[in-house]
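Heads up: the sequence shown runs through residues 14 to 202, numbered per the numbering used here.
Notes to accompany the following structure.
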Amino acid sequence: MTARCVVLPKGINVGGHNRVPMTELRPKLAEAGYTDPVTILQSGNIIVTADQPDQPDDATGPAAVAAAVAASVRQLLADEFDVHVACVARTAAEIEAVLGRNPLRHLADDGSRYLVNFLSDEPSPEAVRDLTEADHTPEILHIEGSEAYVWAPDGIKALRLTYAHLERHFGVTATARNWNTLERIAAKL
């Protein structure tokens, strides 16, 4: 059995830092044993198919496979490109569920200003409550599980609810993708 996974490296090819040529990355992913490697845009969005153990317990379920793929791709980026960045991964079904939930659809009318922050772990209910009860006007925050949806009507450059802010508050790794990018990723699944 196989699982289609989306790997979201944090900070690839941004501002001239952590350069990874996508044309070189795809063959390296294939050499590492992943099938059907696809990259989307130059920011390192990666889709691969990985082997999934047949046992149905929690230690080998799709989420565990995605976590293992994230760790493996992180190591590949370090070994092959000397790029040391955190990676967060989700299964294709999890990405489709994120898009299906779309909890801020009634507000977010510009996909470039609507972000989903993918967190490495689900934050504690107390930390979520503390952050969601605070006033972030004009930004709107919605957290479900290990995703934090942020509507930034004033644009990303003015954003206060950054992934770095979420990382500090929740004690997790976070990486954000805007809604337009997520739709492009989903179209390639």
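Virtual Cβ for every residue (Gly too), placed ideally from N, Cα, C.
Do you know how far the Cα of Leu117 is from the Cα of Gly158? The straight-line gap from Cα to Cα measures roughly 15 Å.
Apart from the five residues on each side of it in sequence, which residues of its chain come closer than 8 Å, Cβ to Cβ, to Glu109? Ala199 and Leu202.
Delimiting residues of the alpha helix (DSSP H) encompassing Pro40: Where Pro40 is concerned, the enclosing alpha helix (DSSP H) stretches over Met35 to Glu44.
Spatial neighbours of Asp49 within its chain, please: CB distance less than 6 Å, with the 5 preceding and 5 following residues excluded, ordered by chain position. Taking C-beta separations shorter than 6 Å and ignoring five residues to either side along the sequence, the partners of Asp49 in its chain run Thr62, following chain order.
Within this structure, are the beta carbons of Ala12 and Ala102 separated by less than 7 Å? Residue 12 lies beyond the range of the chain shown here (14 to 202); nothing can be said about it.
According to the neighbour-count rule (16 or more other Cβ atoms, all chains shown, within 10 Å of its Cβ), is Thr150 buried or exposed? Counting every other CB atom within 10 Å of its CB across the protein chains shown gives Thr150 a total below 16, marking it as exposed.
Leaving aside the five residues before and after Asn26 along the sequence, list all residues of the same chain whose C-beta is less than 7 Å from its C-beta, in chain order. Excluding positions up to five away in sequence, the list reads Arg32, Val33, Gln55, Ser56 and Gly57.
Count the other C-beta atoms from every protein chain shown that fall within 10 angstroms of the C-beta of Glu196, then say buried if there are 16 or more, exposed otherwise. Exposed, since its Cβ has fewer than 16 Cβ neighbours within 10 Å.
For Val78, the first and last residue of its enclosing alpha helix (DSSP H): If you look at Val78, you'll find it in the alpha helix (DSSP H) that goes Pro75 to Phe94.
Straight-line gap, Gly24 to His30 (C-alpha atoms, nearest Å): Cα to Cα, the separation comes out at about 8 Å.
Identify the residues that DSSP records as bridge partners of Val160: which are they? It is worth fixing the name first, because residue 160 is Glu in this sequence and not Val. Paired residue(s): Phe131 and Glu157.
Taking the straight line between their C-alpha atoms, what separation do you get for Lys170 and Ile153? Lys170 and Ile153 have their C-alpha atoms spaced approximately 15 Å apart.
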